[in-house]
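Positions 132 to 405 (this note's numbering) are the ones given, in order, by the sequence shown.
Idealized CB from N, CA, C, for every residue including glycine.
Just so it is clear, the structure is predicted and the values come from calculations on it, not from any experiment.
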Amino acid sequence: MPANGSLGAYLRERRARLDPAALGYVGGRRRTPGLRREELAQRAGISATWYSWLEQGRGGPPSAHALDRLAEALMLTAVEREHLYLLALGRPPEVRYQPPGGVTPRLQYVLEALDACPAMIRTATWDVVAWNRAAAAVFTDYGARPSAERNVLRQIFLDPGARTFNFNWEGVARFVVGVFRGDAARAGAAATVQPLVDELCAKSPDFATMWHESTVKSTCEEVRRLRHPELGEIALEFSTFGVDGRTDLAMLIFTPVSVDDAARIRALAAAHAG
């Protein structure tokens, strides 16, 4: 159940943090810091009386639309907006898909620390936006590809070499399509991925068939076996991890099953880097 008392306290605390002068309100003496209730209600475009009731825990739960207006008026971050929803409605807000920005240097450092494990960061649309040297050596040199060609689905369905590279191409392809569908919906990116879906349906009958089966899969750990042109046959355990605070991103890590495979991948990555 929503904690109305906690909601009121949270609203009062966030309102007190706002600087009236910076927001264009007349300064002068105020009994308490921050905006007055009626000023915040004006910024949010809601009734001052109703807002007062909300701080007092009266009037029932607010609508999602009203909460969004309050979040904007209070200048809340995405995490603070989510907390507001949890206090008011007992649930997080619906996902708003936002095109991903850059990957932080710290996250890139994490990738590079996995010197024997190919690792990458992908978006909800399965575009690879960061990778380590091992991933470039084992899968492809993403840095040498145009950004549009760094998409995992395009690689699997439009690159003829993918069927030879993957021992169980069909199983890998079905798994990726099922996870891709779930990722796009979870991130609120269904409309964003539609041009990519249309393109792949037009260019790949296999993708069209798999997509129209409407299968949804969750990410899980499994072993992926590859035929690498330089390394020969290798086996990698595939795992997916969320990126804290970024629902649009996921980290993929491919851990070599054998010590020998790990040593060979590490050596190949070093050679490619040199």
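Just to check my reading of the structure: Ile396 and Leu357 have Cβ atoms closer than 8 angstroms, yes? What is that Cβ distance to the nearest angstrom?
At roughly 11 angstroms, the Cβ-Cβ gap does not stay under 8 angstroms, so Ile396 and Leu357 are not in contact.
When burial is assigned at 16 or more other CB atoms within 10 Å of the CB, is Pro387 buried or exposed?
buried
Taking the continuous alpha helix (DSSP H) assigned at Val157, which residues delimit it?
Element bounds for Val157: n/a, residue is neither H nor E.
Answer yes if the region 307 to 316 comes into contact with the region 266 to 278, meaning at least three C-beta pairs across the two stretches below 8 angstroms, and no otherwise.
no
Assess contact between the region 363 to 375 and the region 319 to 336, defined as three or more Cβ pairs (one per stretch) separated by less than 8 angstroms. Is contact present?
no
Helix, strand or coil at Met206 according to DSSP, with G and I counted as helix
coil
Going by DSSP in three states, Arg162 sits in which element: helix, strand or coil?
coil
Nonlocal neighbours in the same chain, by C-beta distance under 6 angstroms from Asp246, ignoring five residues either side:
Arg397
Look at the alpha carbon of Gln187 and the alpha carbon of Pro164, and state the distance between them as a whole number of angstroms.
18 angstroms
Hey, Leu142 and Leu185: beta-carbon distance below 8 angstroms or not?
yes
Which runs of the alpha helix (DSSP H), 4 residues or longer, sit entirely within the region 296 to 348?
300 to 317, 321 to 334, 336 to 343
Could you say which of Glu211, Leu217, Asp337 lies nearest to Ser194 if we only look at CA atoms?
Leu217
Between which two residues does the alpha helix (DSSP H) carrying Gly139 extend?
135 to 147
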